[in-house]
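Okay, so the sequence shown: first residue is 237 according to our numbering, each after it adds one.
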Amino acid sequence: MRFAPVGHVETLTVSASVTAADLASGDLYVALYLETFHVTSKSWTADQFSITAQLNGCAVQFQRTFVIDCNTGTVLCHSDTTLDGRPYTPTGQVGQCSTPNNSSV
């Protein structure tokens, strides 16, 4: 706002599309530039920042690896990693993107 009077309060909202990977890694940046040059003195208070996120049409993809007992076929354990191999802990309900190919190679 240009030439805001003394005591002016304004809420600003910024929206941007980000990748699920950047959201998961916390690799998000926002800059707020406040004009501070005036002939007379002035001051700014910029506070109460918050961020909300909404994934549209996509869930976080990760890889789940199972260790299976060859004799009994029992799943002994599993581990979850991001697609680039970093450890990952899923939250919420885990789904399956596509039917796996379980045929022998």
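For every residue, glycine included, the Cβ atom is placed at its ideal position computed from N, Cα and C.
Member of the options whose CA lies at the smallest distance from the CA of residue i
i, options, result
"S253", "Q329, T308, V266", "V266"
"G423", "S251, T281, T308, N307", "Nothing can be reported for residue 423: it is not among the residues displayed for the chain, which extend from 237 to 341."
"D283", "Q332, V330, G331, T247", "T247"
"S251", "L264, P241, G309", "L264"
DSSP three-state assignment for residue i, whether helix, strand or coil
i, result
"S315", "strand"
Close Cβ partners of residue i (< 8 Å) along its chain, the five nearest in sequence each way excluded
i, result
"T318", "A257, A260, F298, Q299, Y324"
"G262", "none"
Residue i and residue j closer than 8 Å at C-beta
i, j, result
"S315", "T301", "yes"
"D320", "L312", "no"
Close Cβ partners of residue i (< 7 Å) along its chain, the five nearest in sequence each way excluded
i, result
"S286", "none"
"V245", "none"
Cβ-based neighbour list, residue i, same chain, cut-off 6 Å, excluding 5 preceding and 5 following
i, result
"V303", "L312, C313"
"P241", "none"
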